[in-house]
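Here the structure comes first, spelled out in structure tokens, and everything after it is commentary.
In my numbering, the protein residues as written are 112 to 301.
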């Protein structure tokens with residue numbers, strides 16, 4: 112199998128690292144070679160964060176270049192739009208519809224861009240956008256947005272349900288496991 116590429120993008124503190132570990136674990140359990148690379152940026156201060164997950168028969172490098180991502184999984188609409196040049200022509204965006212104001216918007220120097228979903232579609236991207244925040248709150252915590260997104264992303268992979276459940280059990284701390292299993296199911300069934 113040729114190498115496939117997934118970019119997980121968001122804002123620091125949203126749980127992108129746990130999401131990438133969950134994906135990496137699922138791909139490992141399915142027998143793929145997996146490379147995960149984390150680029151933190153200003154993650155500690157609410158800045159942009161990107162994680163690369165690459166899988167296939169043999170993965171040589173953990174880095175994804177422009178035009179190579181099969182999937183962009185985004186915790187926030189503006190981050191999905193910001194990283195869109197990395198999506199390959201037939202790639203898929205899976206995004207939370209939540210909008211988190213970056214510092215220039217907070218300070219009043221800029222306005223949050225409007226109609227980002229439509230603009231990404233107009234640029235040729237396939238966009239699967241859902242309100243992950245409300246589903247995470249329904250599961251028990253707004254911090255479960257990352258697992259709701261992973262549940263939604265699971266639609267695009269032909270893995271048995273047990274693979275995802277085992278990956279959740281491996282990477283999620285036990286005290287949060289039940290809530291995260293609910294979050295995963297809510298995302299999957301959205």
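For glycine and all other residues, C-beta sits at the position ideal for the given N, C-alpha and C.
Beta-carbon separation (whole angstroms), residue i vs residue j, contact threshold 8 Å
i	j	result
residue 163	residue 145	Their Cβ separation, rounded to whole angstroms, is 11 Å, which puts residue 163 and residue 145 out of contact at 8 Å.
residue 299	residue 262	4 Å
Residue j beta carbon less than 8 Å from that of residue i
i	j	result
residue 117	residue 182	yes
residue 260	residue 207	yes
residue 226	residue 255	no
residue 161	residue 120	yes
Length of the line joining the Cα atoms of residue i and residue j
i	j	result
residue 248	residue 177	34 Å
residue 296	residue 213	30 Å
residue 125	residue 251	16 Å
residue 232	residue 200	12 Å
residue 245	residue 253	8 Å
residue 274	residue 140	7 Å
residue 217	residue 193	18 Å
residue 239	residue 204	6 Å
residue 234	residue 268	25 Å
residue 184	residue 229	17 Å
residue 62	residue 287	Residue 62 is absent from the structure shown; the chain starts at 112 and stops at 301.
For residue i, the residue or residues it bridges with in DSSP
i	result
residue 115	166
residue 182	117 and 203
Entirely within the stretch 212 to 257 and at least 4 residues each: give me those alpha helix (DSSP H) ranges in chain order. 214 to 217, 227 to 233 and 243 to 250
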